[in-house]
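Below: the structure, in structure tokens.
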Amino acid sequence: MVDRFIDYESLDIYVPILDPRDEEQLFQEARLAAFNESKGVLSDFSNHSPLAALLQGFVFAGSEIQYRNQKILPALLLTYLAKLGGKRELGSKAKAEIVFKLTKVFQRVYVIDQGTEITNARGSVRFFTVERLEIPLGVQKGGSRLSQNLRGNNIMFLLLT
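Written as structure tokens, this is what we have:
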């Protein structure tokens, strides 16, 4: 089960906003819908009217559901990564494994030195090779372990090929 106290925003995971409206916008739309559906009969939406209080309660409940639903996407992603072998180790360096696939077979040993920096396309995630990797003559791929340089609240990510 995914830790329910994970700060999802700090993980640099893109999560689409399901509904960008705030409670005030939702209340205004609910007020307009109630007025229109009742053909103007329900029209007292002042601050202390029973109708306004009821609508605000519904809007609050809807906002809470919306907030929880917004958290489901990263929770599902983290659960899926855990099923693939990713794990969360607080206070330790994040680790990963990577497979380098060469675009052609070289006629010499291809070397990737220990400490070589590996980043994602945006450069926001940085890992370093833990060991020297030698891809032998005539072979097109080889694997290496990676470690993040910083300690802290990191999650291991998987590079799938």
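All the letters of the sequence shown, read from the start, carry residue numbers 1439 to 1599 under our numbering. Glycine is no exception: its CB is placed at the ideal position from the N, C-alpha and C atoms. Please read all numbers here as calculations on a predicted model, not as lab measurements.
Less than 6 Å between C-beta atoms, sequence neighbours within five positions excluded: which residues of the same chain meet that for Tyr1452?
Excluding positions up to five away in sequence, the list is empty.
How is Thr1541 classed by DSSP in three states: helix, strand or coil?
Here Thr1541 sits in coil by DSSP.
Could you give the DSSP three-state label for Lys1509: helix, strand or coil?
Correct three-state label for Lys1509: helix.
Over what stretch of residues does the beta strand (DSSP E) that includes Arg1564 continue unbroken?
Note, Arg1564: beta strand (DSSP E), 1564–1567.
Assign Ser1582 to one of two classes, buried (16 or more other C-beta atoms within 10 Å of its C-beta) or exposed (fewer than that).
It counts as buried.
By Cβ distance, which residues of its chain are closer than 6 Å to Glu1572, with the 5 residues on each side in sequence left out?
Cβ within range, chain order: Val1547, Val1549.
Considering only the alpha carbon of each residue, which of Asn1485, Leu1470, Gly1523 lies closest to Gly1478?
If we check each option's Cα against that of Gly1478, Leu1470 comes out closest.
Among His1486, Pro1454, Phe1498, which has the Cα closest to the Cα of Glu1461?
When the alpha-carbon of Glu1461 is set against those of His1486, Pro1454, Phe1498, the nearest one is in Phe1498.
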